[in-house]
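Chemist: Going by numbering that gives the first Met the number 0, the sequence shown opens with residue 0, and the numbers climb by one from there.
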Amino acid sequence: MSARDAWLASNLTLGALFAAQALVWASPASADSLVASDVYAAPQRLVAVDGARRLNLYCVGSGSPTVILDAGSGNSMATWRHVQAEIAQTTRVCAYDRAGLGFSDAAERPSDLRNIVDDLHRLVKAAPIAAPFVYVGHSLAGAIGLLYVATYPEDIAGAVMVEPAFAGEVEALQAPLPPEKRDAIADAFRLSLAFDDACLALARQGALASPATVEARACVDVSGNPDVLDDVLRQIDAHLRTLPRVWEAQRSELASFTPERNEPDVDSRELDEVHPSFGDKPLIVLSRGVEEGAPGVPPAYLAKVEAAWRAGHDRIAALSSRGANTIVPGARHYVQIDRPQAVVDAVRLVVEAARSR
0 MSARDAWLAS NLTLGALFAA QALVWASPAS ADSLVASDVY AAPQRLVAVD
50 GARRLNLYCV GSGSPTVILD AGSGNSMATW RHVQAEIAQT TRVCAYDRAG
100 LGFSDAAERP SDLRNIVDDL HRLVKAAPIA APFVYVGHSL AGAIGLLYVA
150 TYPEDIAGAV MVEPAFAGEV EALQAPLPPE KRDAIADAFR LSLAFDDACL
200 ALARQGALAS PATVEARACV DVSGNPDVLD DVLRQIDAHL RTLPRVWEAQ
250 RSELASFTPE RNEPDVDSRE LDEVHPSFGD KPLIVLSRGV EEGAPGVPPA
300 YLAKVEAAWR AGHDRIAALS SRGANTIVPG ARHYVQIDRP QAVVDAVRLV
350 VEAARSR
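This is the structure:
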């Protein structure tokens with residue numbers, strides 16, 4: 000950390016510091032700051048966490064506290080390609096693939112929050128990764144981090160939540176909608192589940208290796224993937240999509256976060272049973288600055304849905320006396336891809352704050 004950054008960290012709140020940094024976030028990641036594609040195109044270190052079942056882990060850099068990067072629903076560690084090398088200049092940073100995703104072995108149980116947290120805790124012990132560590136979670140992994148800090152508070156030194164999911168999210172986002180559209184977002188989740196079911200069936204039949212139908216080609220289509228995937232990683236991702244274990248894991252994660260009719264989703268119920276708190280540990284929440292559409296939501300209601308999304312992030316930031324929720328201009332849901340420097344800066348701030356506790 001530069002002398003300027005050290006002064007800012009000691010004299011400004013996290014939120015004010017982020018406002019001061021906003022001008023540099025518009026810069027895209029340089030080629031030098033990217034981890035080489037081949038790191039994410041093959042298994043790195045396979046760590047046994049439950050008998051012979053292994054999770055794929057990649058660590059780089061040195062120093063403490065270690066940073067753990069946890070990707071969004073259905074994503075591999077490759078979504079952190081734009082930030083991992085930069086964070087490694089500050090401290091040791093580890094990314095991993097959850098069960099069934101990327102190059103980790105297939106899950107042997109549902110991929111709900113409780114089981115995912117158990118897997119991560121086993122990985123931390125087996126690797127080993129020194130605790131307490133700084134947890135960085137994107138999207139679904141934000142909810143994973145909440146359950147983790149409630150279950151193993153002594154393991155967490157601080158956290159950065161990037162566009163995090165939260166308990167009761169679907170219901171909160173649907174609340175501003177007119178009655179006839181009240182189930183629009185949940186219905187979109189259920190439609191995604193139906194797609195995953197169809198692709199899983201085709202994968203089990205071996206029909207995705209050489210897709211001959213429109214349906215099969217849709218399952219392995221990677222053209223809509225985040226910009227983090229270059230040509231090498233797109234080919235790997237297309238191959239991974241032919242594997243039943245990947246569809247099983249992706250479907251299970253989504254199913255656990257999708258509410259049933261008139262009944263909360265599994266993940267929300269698990270979060271509601273605990274009371275996450277970060278105490279006075281440093282916590283930064285990063286929210287997208289670009290309003291995104293939601294399937295089935297009338298354009299006139301998008302601003303209200305976006306406000307509900309950010310309100311959920313405000314509630315997460317309030318779980319720490321040193322928490323801050325910051326809107327990142329120009330960023331969509333994948334902030335670590337659209338504005339990687341914002342994520343790098345947030346992690347560095349939390350690491351420095353954790354070191355000074």
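The beta carbon of each residue, even a glycine, is placed where N, CA and C say it ideally should be.
Whose C-beta lies closer than 7 angstroms to the C-beta of arginine 338 among residues of the same chain, with five residues either side of it excluded?
Modeler: Trp24, Val327, Gly329, Ala330.
Chemist: Does the contact criterion of 3 or more C-beta pairs under 8 angstroms hold for the segment 301-321 versus the segment 165-183?
Modeler: Counting Cβ pairs under 8 angstroms, three or more are found: they touch.
Chemist: Identify which residue in Ser255, Ala293, Leu242, Leu285 has its Cα closest to the Cα of valine 135.
Modeler: Measuring from the Cα of valine 135, the nearest candidate turns out to be Leu285.
Chemist: Kindly list the residues whose CB is nearer than 7 angstroms to the CB of histidine 120, restricted to its own chain and excluding five residues on each side of it in sequence; keep chain order.
Modeler: Taken in chain order, the residues that qualify are Tyr151.
Chemist: What three-state label does DSSP hand asparagine 114 in the structure shown?
Modeler: Three-state DSSP puts asparagine 114 in a helix.
Chemist: Looking only at C-alpha atoms, which of Glu351, Ala352, Ile336, Arg356 sits nearest to phenylalanine 137?
Modeler: In the sequence on display, residue 137 carries histidine and not phenylalanine. Nearest of Glu351, Ala352, Ile336, Arg356 to histidine 137, Cα basis: Ile336.
Chemist: With a threshold of 7 angstroms between beta-carbons, can glutamine 335 be considered close to chain C, or not?
Modeler: The structure shown contains no chain C; it is built from a single protein chain.
Chemist: Can you give the beta carbon distance from arginine 233 to valine 221, rounded, assuming they're within the 8 angstroms contact cut?
Modeler: Yes, arginine 233 and valine 221 are in contact; Cβ-Cβ is about 5 angstroms, under 8 angstroms.
Chemist: How many Å lie between valine 48 and glycine 71 at the Cα?
Modeler: Whole-angstrom Cα-Cα distance: 21 angstroms.
Chemist: DSSP three-state call for serine 319: helix, strand or coil?
Modeler: Strand.
Chemist: Per DSSP, which one or two residues make a beta bridge with alanine 215?
Modeler: Alanine 215 pairs with nothing; no bridge assigned.
Chemist: Flag this pair as touching only if the segment 285-298 and the segment 185-198 have three or more C-beta atom pairs under 8 angstroms; answer yes or no.
Modeler: They touch, by the three-pair rule.
Chemist: In chain order, what residues of the same chain lie with their CB nearer than 8 angstroms to the CB of proline 275, ignoring the 5 residues before and after it?
Modeler: Answer for proline 275: Leu145, Leu146, Val148, Ala149, Leu318, listed in chain order.
Chemist: Would you give the residue range spanned by the alpha helix (DSSP H) that arginine 52 belongs to?
Modeler: Careful: arginine 52 lies outside any alpha helix (DSSP H), inside the beta strand (DSSP E) at 52-59.
Chemist: Looking at the structure shown, is threonine 325 part of a helix, part of a strand, or coil, going by DSSP?
Modeler: Strand at threonine 325.
Chemist: Rounded to whole angstroms, what is the Cα-Cα separation between alanine 215 and arginine 244?
Modeler: Looking at the two C-alpha atoms, the distance is approximately 16 angstroms.
Chemist: With the cut-off set at 7 angstroms, would you say valine 133 and valine 334 are in Cβ contact?
Modeler: Result no, Cβ atoms of valine 133 and valine 334 do not sit closer than 7 angstroms.
Chemist: Does DSSP put alanine 125 in a helix, in a strand, or in coil?
Modeler: The answer is helix: DSSP assigns alanine 125 an H, G or I state.
Chemist: Jot down the residue ranges of each uninterrupted alpha helix (DSSP H) in the segment 37-105, minimum 4 residues, whole runs only, in chain order.
Modeler: Runs of the alpha helix (DSSP H) inside the segment 37-105: 83-86.
Chemist: At which residues does the alpha helix (DSSP H) containing leucine 228 begin and terminate?
Modeler: Run containing leucine 228: none; DSSP gives neither H nor E here.
Chemist: Please work out which residues of its chain come closer than 8 angstroms, Cβ to Cβ, to valine 343, disregarding the five sequence neighbours upstream and downstream, and give them in chain order.
Modeler: Same-chain partners within the cutoff: Val82, Glu85, Ile86.
Chemist: On the three-state DSSP scale, how would you describe valine 221?
Modeler: Residue state, collapsed to three classes: coil.
Chemist: What does DSSP give as the partner residue(s) for phenylalanine 132 in the beta ladder?
Modeler: Phenylalanine 132 pairs with Ile155.
Chemist: In three-state terms, what does DSSP make of valine 265?
Modeler: Three-state DSSP puts valine 265 in a helix.
Chemist: Quick check on glycine 311: does DSSP put it in helix, strand or coil?
Modeler: Helix.
Chemist: Hey, isoleucine 143 and isoleucine 115 are a contact pair by Cβ (cut 8 angstroms); roughly how many whole angstroms apart?
Modeler: Their Cβ separation, rounded to whole angstroms, is 5 angstroms, which keeps isoleucine 143 and isoleucine 115 in contact under 8 angstroms.
Chemist: Once the 5 residues before and after alanine 353 are set aside, which same chain residues still bring their CB inside 8 angstroms of it?
Modeler: So the qualifying residues of the chain are Pro64, Pro131, Val133, Ala156, Gly157, Lys280, Pro281.
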